[in-house]
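Notes for the one structure printed next.
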Amino acid sequence: MPKIKTNRMAAKKFCIGGKGTVKRGTARGNHNTGKKSAKQCRRYRKYPVVDKANAKNIDRMLPYK
1 MPKIKTNRMA AKKFCIGGKG TVKRGTARGN HNTGKKSAKQ CRRYRKYPVV DKANAKNIDR
61 MLPYK
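Counted the way full-length UniProt numbering counts, the sequence shown spans residues 1 to 65.
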């Protein structure tokens with residue numbers, strides 16, 4: 001039986017947490033941070049959990065994670 005290919009886009013954008021939750025990065029946090037408050041910059045550092053509807057599809061894209 002052949003191996004299942006990992007979707008490379010999904011592998012770069014998402015990571016699997018310790019309990020199996022799918023985490024994603026946040027937008028708007030990489031540049032022009034001088035204009036943003038320190039509170040905003042701290043919030044952009046976090047990795048929010050993907051909702052269940054999308055997590056199921058992402059799990060299929062990442063078979064070996």
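Idealized CB from N, CA, C, for every residue including glycine.
Is it buried or exposed, residue 49, if we count other Cβ atoms within 10 angstroms and call 16 or more buried? exposed
What distance in whole Å lies between the Cβ atoms of residue 24 and residue 14, which are believed to be in contact at a cut-off of 8 Å? 6 Å
CB contact flag (residue 46, residue 26, <8 Å): yes
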